Amino acid sequence: MTPRTNCPCGLPDPYEKCCGRYHSGDAAPTAEALMRSRYTAFVRLDAPYLLRTWHPRTRPAAPLDLDPGTRWTGLEILDTGGGSAFHSAGTVTFRASYQGGAIHERSRFERVDGAWVYLDGEFLD
4 MTPRTNCPCG
14 LPDPYEKCCG
24 RYHSGDAAPT
34 AEALMRSRYT
44 AFVRLDAPYL
54 LRTWHPRTRP
64 AAPLDLDPGT
74 RWTGLEILDT
84 GGGSAFHSAG
94 TVTFRASYQG
104 GAIHERSRFE
114 RVDGAWVYLD
124 GEFLD
């Protein structure tokens, strides 16, 4: 029997039942779910998913250059605002840790054609 491993986003489900379903095409139901799936995309070096879930107004034109040497070690959701099925915008404040440091950010999300997308973020600390 294969040992069960939790999704990189920190939730107890395995990747396939958690962020993997969003990476495969299902829409994230909340801004927090999208944030978690984007963190997991960084862990898995899934640049196409990151670009697909980036707001068209703020999406980078050049390909993303993800560093395969970065070792992501955990995601902590610190606060959320809006971002549910009843909202058109939301924020997620988080700390994403990597070997040697952490990113503390308040990200903004909006719906585009009904789907949550990352708009931009403000670094904290």
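Count along the sequence shown starting at 1, add 3, and that's the number in our numbering.
We put the beta carbon where it would ideally sit given N, CA and C, even for glycine.
Because the structure is a prediction, the values reported are computed rather than measured.
Could you give the DSSP three-state label for residue i: helix, strand or coil?
{"i": "A34", "result": "helix"}
{"i": "G13", "result": "coil"}
{"i": "G124", "result": "strand"}
{"i": "R60", "result": "coil"}
{"i": "A105", "result": "strand"}
Which residues share a DSSP beta bridge with residue i?
{"i": "D82", "result": "T96"}
{"i": "F112", "result": "G93 and Y121"}
Taking residue i as the reference, give the member of the options with the closest Cα.
{"i": "H107", "options": "L78, T56 and Y121", "result": "L78"}
{"i": "D1", "options": "V95, E125 and R55", "result": "This structure does not reach residue 1, given that the chain is present from 4 up to 128, and the question cannot be answered."}
{"i": "E125", "options": "V95, L69, S40 and D16", "result": "V95"}
{"i": "A34", "options": "F89, T76 and T8", "result": "F89"}
Roughly how many whole angstroms lie between the Cα atoms of residue i and residue j?
{"i": "R74", "j": "D82", "result": "24 angstroms"}
{"i": "D123", "j": "S110", "result": "6 angstroms"}
{"i": "L92", "j": "H58", "result": "Looking at the sequence shown, residue 92 is not Leu but Ala. When rounded, the distance between both Cα atoms is 12 angstroms."}
{"i": "L48", "j": "Y42", "result": "10 angstroms"}
{"i": "P71", "j": "A105", "result": "16 angstroms"}
{"i": "A31", "j": "L69", "result": "22 angstroms"}
{"i": "Y101", "j": "R24", "result": "24 angstroms"}
{"i": "G3", "j": "T76", "result": "Past the edges of the chain, shown from 4 to 128, lies residue 3, and the structure says nothing about it."}
- the stretch 8–17 contacting the stretch 62–71, beta-carbon criterion three pairs below 8 angstroms: Because the criterion of three Cβ pairs below 8 angstroms is not met, the stretch 8–17 and the stretch 62–71 do not touch.
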